[in-house]
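Visitor: For the record, the sequence lines run as chains A and B. Here the first sequence is numbered in the working numbering, starting from 24 and rising by one per residue. Here the second sequence is numbered in the working numbering, starting from 27 and rising by one per residue. Provided herewith is a single structure, encoded as structure tokens, for subsequent inquiry.
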Amino acid sequence: MFEFIIAGIEAPVFLLVLTGFTVGIVGGFIGVGGGYMVTPALIVFGFPGYMASGIDMTHIAGKSIVATVRHRQLGNIDWVLGLAMVGGTMLGVELGVRLLNYTKKLGLSGIVLLTCSVAIMLALFIYTQLETRKAHKKIEADAESGKAAGREVVVSKFPLFFQRIPLYPIVRCKTARLVISMWVIVVVGVITGILAGFLGVGGGFVRVPALIYVIGATTHIAVGTDLLEIAVSGGYGAMRHSMMGNVDMIAVLFMIIGAMVGAQFGSIATMYVRGPAIRYILSYSLVLATVGAALRLVYMLTGQQYEFLSFFAVVFTLGEMFFLCFFIMSLVIFSVRYRQGKTVPPWVPALVVKE
Amino acid sequence: MSADQKKKGAVKFIFWTIISFGILVYAWHSYSSGQMVAWYYYQASVDGYAINAFSFKEATKENPAVLQVGAFEQIVNLQAVPVKAGDRLPINATGIISTKDLKEGKRVKLEGDTIKVMVPTEVKEAKGFKYKDTYKHKGIKTNPWSGAWNVGIVFALGIALGYMAEGFTDLFGLKLKKIEHYGH
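Structure (structure tokens):
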């Protein structure tokens, strides 16, 4: 047990490092900060709520930098796209925070927040799941007909619509191979920023699908570019939390050390898989987070009478971290076995790359 | 991978390990020496008594903690220092018991030159995993520069650890290539 002087609690360092490690794997792989998983975990460890949010946001900023460095090496970052979006994201985050304060004044924030979270995550899960299944089938059909599948297969037609909007200035994103109106990028940044600010998260789980289905980036580039966004927006959030005194830096540093190792696994694991594999994991993380949030929503709507709902919501959220890590590691192991010509389950070849 | 690239990887790994270690040691030193805490618990935002909330960790109504009031430079255990809004907090102060609370006398009472505290540092809420601070972190202002300092440290550490890991994989001949996003 370690005494965290600023947070005012005693907590085991091992658990903080482990949390950082698991969220590092998931974040490095699907490009999310993982705030919706870490804050409940820190509360369970005994950190006060305000400290849990502050420590989480600050650790997300650091972890995203670590993962961004690795994704830069893997060529998964489009700097033009990322930097064009940053301004919109920051504006959106500020608007989202103000919207949250407004709902707080109306006395609705808890329920409104959870309802929005559940609705958005569920909608994203359904769409991502349907689209990814179609892409998965297309890869299998191509393989059967002897066509080689690329690393990325997206069957959604939305990006073509948004890429055709003729509003100047038009920007050319070299890595993502996109030519798109700057306004589309900025508006996507503002909208995802509002959601991030309002829901109090980094916003990766909204921004990654937006980068894929609205802007038209490949899944790998969406993941890398989003981590760059999270580093910037997370840094801003961390500064605000720090100024309010919500951050115990030593807790943050322990988590970053764990996240450093995890983020390497997560980022490097993207080399072994095709885009749809990442989107599957993203969609599963969304549905698991939805169940956790839905349990909390029912708990609040029933006047906080049924304590087991709150308990299960926390247990579910913590279990989600380990489940996703297990899933990612399994994919990498299957990919290695596939490369070595060993037996793998029939659904694996379409999701992994041979070299 | 050539021996030259491995050598470059080794240099990169050693350089960034030293930088990472330096940042961690600096952060650890400023935390354990109390410098970081003093930055956090910086200034009083209300009139009252600066206290170290840990000193009455187990206090209850039946078994209250009694704090000695005085103009101490450093708070040691059961001590309290009178402060006005805007005053710099003494060393080891982690919160303020406000004059308003003392007047109410429900959780704390001023008795001569002592303060009787009848609540612990933290109260567990009846439901869920939530804990509520009683006087810790209350009535204080943090140093506005602490935000920039924290973010600076976190960014510097993130970059150093990121490049350290990159150097590590290079060192072991695992230099990762850019992903072919559009090829077959």
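Every residue gets a Cβ at the ideal spot worked out from N, C-alpha and C, and that includes glycine.
Could you tell me which of B/H163, B/F194, B/A182 sits nearest to A/N269, measuring between CA atoms?
Guide: What you label residue 269 of chain A is simply residue 246 of the first sequence in a count that begins at 1. When only C-alpha atoms are compared, the closest one is B/H163.
Visitor: At what residue ranges does the segment 196–267 of chain A contain a whole run of the beta strand (DSSP E), taking only runs of 3 or more?
Guide: Qualifying beta strand (DSSP E) stretches, in chain order: 201–204.
Visitor: Let me check one thing: in DSSP terms, what residues is B/E148 bridge-paired to?
Guide: Within the second sequence, numbered from 1, the residue matching residue 148 of chain B stands at position 122. Answer is B/D159.
Visitor: Under the assumption that A/V103 contacts A/K170 (Cβ atoms under 8 Å), give the Cβ distance between them as a whole number of angstroms.
Guide: Indexing the first sequence from 1 puts residue 103 of chain A at position 80. Indexing the first sequence from 1 puts residue 170 of chain A at position 147. The Cβ separation is near 32 Å, so there is no contact.
Visitor: Taking CB distances under 9 Å as the criterion, tell me whether B/M190 reaches chain A.
Guide: The count along the second sequence starts at 1 and reaches residue 190 of chain B at position 164. It does; some Cβ of chain A falls within 9 Å.
Visitor: Would you call the segment 82–91 of chain A and the segment 339–353 of chain A touching, i.e. three or more CB-CB distances under 8 Å?
Guide: Counting Cβ pairs under 8 Å, fewer than three are found: no touch.
Visitor: Need the endpoints of the beta strand (DSSP E) that B/P108 sits in, please.
Guide: Taking the second sequence and counting its residues from 1, one reaches residue 108 of chain B at position 82. Here the beta strand (DSSP E) through B/P108 covers 105–109.
Visitor: I'd like to know whether the C-beta of B/H227 is nearer than 9 Å to at least one C-beta of chain A.
Guide: Residue 227 of chain B lies beyond the range of chain B shown here (27 to 210); nothing can be said about it.
Visitor: Which one or two residues does DSSP pair with B/L136 in a beta bridge?
Guide: The residue labelled residue 136 of chain B in the question sits at position 110 within the second sequence. Answer is B/I141, bridged to B/L136.
Visitor: Straight-line CA distance for A/T81 to B/Y52?
Guide: Along the first sequence, read from residue 1 onward, the residue named residue 81 of chain A stands at position 58. Along the second sequence, read from residue 1 onward, the residue named residue 52 of chain B stands at position 26. About 18 Å.
Visitor: Using a beta-carbon distance below 9 Å, is B/F181 in contact with chain A?
Guide: The residue you call residue 181 of chain B lines up with position 155 of the second sequence. Judged by the 9 Å Cβ criterion, B/F181 is in contact with chain A.
Visitor: If we call anything under 9 Å between Cβ atoms a contact, is A/G315 one with A/Y150?
Guide: Here the question's residue 315 of chain A lines up with position 292 in the first sequence. Here the question's residue 150 of chain A lines up with position 127 in the first sequence. Going by C-beta atoms, A/G315 is not nearer than 9 Å to A/Y150.
Visitor: Determine, for A/I208, whether the minimum Cβ-Cβ distance to residues of chain B falls below 9 Å.
Guide: Taking the first residue of the first sequence as position 1, residue 208 of chain A is located at position 185. No, its Cβ sits nowhere closer than 9 Å to a Cβ of chain B.
Visitor: With 9 Å as the limit, tell me which residues of the segment 98–113 of chain A have their beta carbon closer than that to any beta carbon of chain B; keep them in chain order.
Guide: Those residues of the segment 98–113 of chain A that come within reach of chain B (Cβ to Cβ, closer than 9 Å) are G98, N99.
Visitor: Residues of chain A with CB closer than 7 Å to the CB of B/A174, please, in chain order.
Guide: Counting from 1 along the second sequence, the entry for residue 174 of chain B is found at position 148. The contacting residues are M262.
Visitor: Does the segment 95–114 of chain B come close enough to the segment 70–84 of chain B that 3 or more CB-CB pairs lie under 8 Å?
Guide: Short answer: they touch.
Visitor: Please name the residue in B/G188, B/H207, B/I40, B/Y208 whose C-alpha comes closest to that of A/F288.
Guide: The residue given as residue 288 of chain A occupies position 265 in the first sequence. Of the candidates B/G188, B/H207, B/I40, B/Y208, the one whose C-alpha sits nearest the C-alpha of A/F288 is B/G188.
Visitor: Looking only at DSSP bridge pairs, what is A/A34 linked to?
Guide: Residue mapping note: residue 34 of chain A aligns to position 11 of the first sequence, counting from 1. Beta-bridge pairing links A/A34 to A/F25.
Visitor: Specify the secondary structure class of A/V141 as computed by DSSP and reduced to three states.
Guide: Within the first sequence, numbered from 1, the residue matching residue 141 of chain A stands at position 118. The answer is helix: DSSP assigns A/V141 an H, G or I state.
Visitor: Among A/V194, A/G285, A/G220, which one has its Cα closest to the Cα of A/V209?
Guide: Numbered from its first residue, the first sequence carries residue 209 of chain A at position 186. Here the closest residue by C-alpha is A/V194.
Visitor: Going by C-alpha to C-alpha distance, which of A/I273, A/L311, A/L374, A/T215 sits closest to B/S58?
Guide: To locate residue 58 of chain B, count along the second sequence from 1; it is residue 32. If we check each option's Cα against that of B/S58, A/I273 comes out closest.
Visitor: Output, in chain order, the set of chain B residues within a Cβ distance shorter than 9 Å of A/P189.
Guide: Mapped onto the first sequence, residue 189 of chain A falls at position 166. Per Cβ cutoff of 9 Å: no residues; A/P189 is ~25 Å from chain B at best.
Visitor: In chain order, what residues of the same chain have a beta carbon less than 7 Å from the beta carbon of A/L65, not counting five sequence neighbours either side?
Guide: Counting from 1 along the first sequence, the entry for residue 65 of chain A is found at position 42. So the list reads A75, I78, D79, once near-sequence residues are dropped.
Visitor: Using 8 Å as the threshold, is the segment 255–271 of chain A in touch with the segment 27–46 of chain B, meaning 3 or more CB pairs across them?
Guide: With a cut-off of 8 Å, the segment 27–46 of chain B and the segment 255–271 of chain A do not count as touching, because too few Cβ pairs lie within range.
Visitor: Just checking: is the beta-carbon of B/M62 within a distance shorter than 9 Å of some beta-carbon in chain A?
Guide: Taking the second sequence and counting its residues from 1, the one referred to as residue 62 of chain B is at position 36. Judged by the 9 Å Cβ criterion, B/M62 is in contact with chain A.
Visitor: Thinking C-alpha only, which one of B/N176, B/E99, B/T43, B/K132 is nearest A/D271?
Guide: Here residue 271 of chain A is taken as the residue at index 248 of the first sequence, counted from 1. Of the listed residues, the one whose Cα sits closest to A/D271 is B/N176.
Visitor: For the alpha helix (DSSP H) containing B/A29, list its first residue and its last residue.
Guide: The residue you call residue 29 of chain B lines up with position 3 of the second sequence. Its alpha helix (DSSP H) spans residues 29–58.
Visitor: Who are the Cβ neighbours of A/A282 in its own chain at under 6 Å, not counting the five residues just before and after it?
Guide: Counting from one through the first sequence, the residue named residue 282 of chain A turns up at place 259. Around A/A282: G43, G47, K86.
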